[in-house]
Amino acid sequence: MKLEKRDFDAIVVGSGPNGLAVAILMQQNGLSVLLIEGKETIGGGLRSAELTLPGYVHDICSAVHPLAVASPFFEKLPLAEYGLEYILPRIAVAHPFDNGTAGVVKASLEETAFLLGDDEETYLQLMRPVVKAWPLIASDVLAPLHYPKYPYEMACFGLPAITAASFLAKRFDTPDAKGLLAGMAAHSMQPLTNLTTSAIALVLMASAHLKGWPIPKGGSNQIANALAAYFISLGGKIETGLCVNSLEQLPSAHAILFDVTPKQLLKIAGHKFSSIYKWQLERYRYGMGVFKIDWALDAPIPFKAAVCHDAGTIHIGNTIEEITLAEQQTWDGREAEKPFVLLSQPSLFDTSRAPAGKHTAWAYCHVPHGSTKDMTVTIETQVERFAPGFKETILAKHTFNSVQMEEYNPNYIGGDINGGVIDIGQLFTRPALRWSPYKTSAKGIYICSSSTPPGGGVHGMCGYHAAKRALKDVFKITIK
Ligand SMILES: Cc1cc2nc3c(=O)[nH]c(=O)nc-3n(C[C@H](O)[C@H](O)[C@H](O)COP(=O)(O)OP(=O)(O)OC[C@H]3O[C@@H](n4cnc5c(N)ncnc54)[C@H](O)[C@@H]3O)c2cc1C
Numbered sequence: 004m005k006l007e008k009r010d011f012d013a014i015v016v017g018s019g020p021n022g023l024a025v026a027i028l029m030q031q032n033g034l035s036v037l038l039i040e041g042k043e044t045i046g047g048g049l050r051s052a053e054l055t056l057p058g059y060v061h062d063i064c065s066a067v068h069p070l071a072v073a074s075p076f077f078e079k080l081p082l083a084e085y086g087l088e089y090i091l092p093r094i095a096v097a098h099p100f101d102n103g104t105a106g107v108v109k110a111s112l113e114e115t116a117f118l119l120g121d122d123e124e125t126y127l128q129l130m131r132p133v134v135k136a137w138p139l140i141a142s143d144v145l146a147p148l149h150y151p152k153y154p155y156e157m158a159c160f161g162l163p164a165i166t167a168a169s170f171l172a173k174r175f176d177t178p179d180a181k182g183l184l185a186g187m188a189a190h191s192m193q194p195l196t197n198l199t200t201s202a203i204a205l206v207l208m209a210s211a212h213l214k215g216w217p218i219p220k221g222g223s224n225q226i227a228n229a230l231a232a233y234f235i236s237l238g239g240k241i242e243t244g245l246c247v248n249s250l251e252q253l254p255s256a257h258a259i260l261f262d263v264t265p266k267q268l269l270k271i272a273g274h275k276f277s278s279i280y281k282w283q284l285e286r287y288r289y290g291m292g293v294f295k296i297d298w299a300l301d302a303p304i305p306f307k308a309a310v311c312h313d314a315g316t317i318h319i320g321n322t323i324e325e326i327t328l329a330e331q332q333t334w335d336g337r338e339a340e341k342p343f344v345l346l347s348q349p350s351l352f353d354t355s356r357a358p359a360g361k362h363t364a365w366a367y368c369h370v371p372h373g374s375t376k377d378m379t380v381t382i383e384t385q386v387e388r389f390a391p392g393f394k395e396t397i398l399a400k401h402t403f404n405s406v407q408m409e410e411y412n413p414n415y416i417g418g419d420i421n422g423g424v425i426d427i428g429q430l431f432t433r434p435a436l437r438w439s440p441y442k443t444s445a446k447g448i449y450i451c452s453s454s455t456p457p458g459g460g461v462h463g464m465c466g467y468h469a470a471k472r473a474l475k476d477v478f479k480i481t482i483k
C-alpha cells in the first residue's frame with residue numbers, strides 16, 4: 004500500500020527514553036521521523052546538570068539503571084559507539100539498619116544469600132529460579148499482557164511476583180532479608196500490602212544478580228545523548244523547545260506517537276477520541292509524588308556500616324515494619340515522619356561527577372500526590388541516622404518538591420515519576436483497557452510513555468512496543 008506524501012512518516016512528541024526508543028525503531032525501519040521536545044534539551048527523565056555548585060554534576064531524575072541494561076531493545080543498540088559507558092558499583096544496593104549493620108545485594112546470588120544467614124536457603128529458593136528464567140522471560144515481562152513464550156519460566160517469576168511484598172516477606176525469618184525485600188518493593192510507590200508489589204522487588208533483585216545496577220559515566224544524560232546521537236546518525240530529526248498543546252502545531256505525518264501521560268494527551272488530542280476512550284483516560288489514576296534532593300558534599304557519606312561505601316544505591320528505611328508504615332501513610336495522604344529514602348552516591352564510582360576529593364549524592368522520598376511540603380530536614384535526618392556526621396559534609400543542596408517536579412517535566416503529574424499508579428488495576432491496562440494499550444481510538448495517534456505497559460523506569464520498552472504497533476497498523480511493517 005502506498006501512503007500519500009506527508010511532511011514526515013512519523014512524529015514523536017516527547018524525548019524521554021520511551022520517545023527516543025520509538026524514534027529509533029521507526030527510523031531504523033526506513034521511515035522519516037521528527038522527534039519534538041517541549042524543553043530546550045532532550046532526555047525527559049534522563050538529564051544531568053550542575054544543580055548545586057560548578058563542577059558538581061547531578062542526575063535530575065533517574066540515576067541508577069538496572070532496567071536500561073536489562074532492556075531487550077536498548078541492549079541491541081550500539082550505544083557504546085555513541086559515547087555511553089556504564090560503571091558498575093561493587094555492590095548494587097546496601098540497606099543499613101539501626102544496629103550499624105547493613106544487608107546487601109551483590110552481583111553474586113550465592114554470596115548475597117550467604118550474607119543473609121538463616122535466610123540463605125530461602126533467598127536461593129526464591130531468587131535462583133527467577134534469575135535463571137530472566138533471560139528467557141525478559142521480553143515477556145517488559146511487555147503488554149500476552150501469552151508468554153516460556154510459560155513454565157514465566158510461572159517461576161509470575162507466581163511470587165503477583166503477591167504483595169508484605170506476604171512474600173513472610174517466607175523470610177531474618178529482619179535483614181525482610182528489610183531488603185521491602186526496600187526493593189518500595190520502588191513500586193504503593194502500599195506493600197498491594198498485590199504485585201513483589202514483582203518490582205523480584206525484577207530489581209534479579210537484575211542486580213544478572214547485569215548489576217550500573218550508573219552511566221558522566222551522568223544519566225549520557226544515555227539520552229547516546230540514543231539521540233544514534234537516532235540522528237540514522238537520519239532522524241530533533242526539534243527542541245516546542246511544547247505541543249494542540250495537534251495543529253504539528254507538521255503532517257501518518258503516525259503521531261505521544262511520550263506524554265493521559266492527562267496531557269486528553270488536552271492535546273482529546274477532541275479526536277471516542278467518548279469511551281476519553282472516559283477511560285479521564286479515570287486514569289496517578290499516584291504518590293516524590294521530594295527530591297541533591298547534595299554537593301565535602302566528603303563521602305559517613306555511613307556506619309562500612310559496606311555502604313561500596314554500594315551505588317542505598318535503601319534507607321530500616322525494617323520492613325518501618326518501610327511498610329511509611330509507604331502506607333504516604334499513600335493515605337500524609338508525609339511520613341520516617342520516610343523510605345532512596346539514595347545514590349555516584350561520585351564514589353565516577354570521578355567526573357565532582358571536583359577531586361568532593362562528592363555528590365542524590366536522594367528522594369515518596370510524598371503524597373501534589374505535596375508541597377519541604378522534606379529536606381526529614382530526609383537529612385534519615386540519612387544522618389545511619390551516617391552520623393553526614394550533615395557536616397554538606398556544601399550545597401538543591402531540592403524539588405512534587406509540584407516543582409511536575410513543572411520541570413509535565414509527565415510527572417503531582418510528582419508521580421511512574422506515569423501513573425502501577426497497581427494490579429493499571430499494570431497491564433494502562434492507560435485504558437484495549438486490545439493494544441498503545442493505540443488510541445483516533446487513527447494514527449498512539450501513546451508511548453511510561454503510562455503504558457510495562458510502566459516506569461528507563462528501559463524504553465513502552466516506546467518499543469508502541470512503535471511496533473504503529474509500524475504494523477500504519478506502515479504494514481511487522482517486527483518479530
Ligand atoms: C527523581 C526521579 C528519580 C528516578 N530514578 C530512576 C532511576 O534511578 N532509574 C530508572 O530506571 N528510572 C528512574 N526514574 C523514572 C524514569 O526517569 C522514568 O520512568 C522515565 O524517564 C519515563 O520515560 P518516558 O519516556 O515515559 O517519559 P519522560 O522521561 O518523562 O519524558 C517525557 C518527555 O516528554 C516531554 N513532553 C511532555 N509533554 C510534552 C509536550 N506537550 N510537548 C513536547 N514535549 C513534551 C517532557 O518534557 C519530557 O522530556 C526516576 C524519575 C525521577 C523523577
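Counting the sequence shown from 1 gives a position; the numbering used here is that position plus 3.
In this text, a Cβ means the ideal position worked out from N, Cα and C, and glycines have one as well.
Sixteen is the threshold: since fewer than 16 other Cβ atoms of the shown chains lie within 10 Å of the Cβ of residue 286, the residue is exposed. Look at residue 68: its beta carbon is less than 7 angstroms from one of the heavy atoms in ligand 1. DSSP places residue 99 in no alpha helix (DSSP H) but in the uninterrupted beta strand (DSSP E) bounded by 94-99. Between residue 433 and residue 458, the CB-CB gap stays under 8 angstroms. Burial is judged here by how many other beta carbons sit within 10 angstroms of a residue's own beta carbon; residue 155 has fewer than 16 and is exposed. In the DSSP assignment, residue 240 falls within the beta strand (DSSP E) that extends over 240-243.
For residue 60, there is no enclosing alpha helix (DSSP H), as DSSP marks it with neither H nor E. Contact annotation: the stretch 306-326 does not touch the stretch 277-286, with fewer than three C-beta pairs closer than 8 angstroms. The stretch 405-419 makes contact with the stretch 41-51: 3 or more CB pairs, one atom from each, lie closer than 8 angstroms.
The continuous alpha helix (DSSP H) containing residue 137 extends over residues 123-144. Judged by DSSP secondary structure, residue 236 falls within the alpha helix (DSSP H) whose first and last residues are 224-236.
Distances from the alpha-carbon of residue 364 to those of 439, 33, 55 put 55 closest. Nearest neighbour of residue 21 by Cα position, chosen from 481, 470, 194, turns out to be 470. Remark: the C-beta of residue 348 is outside contact range of ligand 1, defined as less than 7 angstroms to any heavy atom.
Beyond the five residues adjoining it in sequence on each side, residue 137 comes within less than 7 angstroms, by CB distance, of 209, 213 in the same chain, given in chain order.
Residue state for residue 298 is assigned as strand, using DSSP reduced to three classes.
Taking the C-beta atoms as reference points, residue 241 is found no nearer than 8 angstroms to residue 16.
Annotation: the continuous alpha helix (DSSP H) that includes residue 327 extends over 323-334.
Boundaries for residue 202: no beta strand (DSSP E) harbours it, while the alpha helix (DSSP H) harbouring it runs 200-213, taken from the DSSP string. Sixteen is the threshold: since fewer than 16 other Cβ atoms of the shown chains lie within 10 Å of the Cβ of residue 301, the residue is exposed. Here DSSP, grouped into helix, strand and coil, assigns residue 221 to coil. Taking C-beta atoms under 8 angstroms as the contact rule, residue 82 and residue 239 fail to qualify, at a distance of about 15 angstroms. Fully enclosed beta strand (DSSP E) runs of no fewer than 3 residues occupy 344-347, 362-370, 397-403 of the stretch 338-421, in order along the chain. When secondary structure is reduced to three states using DSSP, residue 316 falls in the strand class. Residue 176 has its alpha-carbon roughly 49 angstroms from the corresponding atom of residue 40.
The alpha-carbon of residue 120 is positioned some 29 angstroms away from that of residue 193. Rounded to whole angstroms, residue 248 and residue 270 show a C-alpha spacing of 7 angstroms. Closest option to residue 348, judged by alpha-carbon separation, among 372, 318, 336, 333: 318.
Distances from the CB of residue 155 to the heavy atoms of ligand 1 are all 7 angstroms or more.
Non-local C-beta neighbours of residue 461 in its own chain, meaning closer than 7 angstroms and more than five positions away in sequence, comprise 20, 48, 49, 65, 68, 70, 71, 226, ordered along the chain.
Residue 45: not part of any beta strand (DSSP E); DSSP gives it neither H nor E. Collapsing the DSSP output to three states places residue 445 in coil. For residue 434, the distance from the CB to the nearest heavy atom of ligand 1 is not below 7 angstroms. Pairwise C-beta distances place the stretch 307-317 in contact with the stretch 383-397, as three or more of them are shorter than 8 angstroms. Secondary structure of residue 108 (DSSP, three-state): strand.
Take the alpha-carbon of residue 166 and the one of residue 423: they are about 20 angstroms apart.
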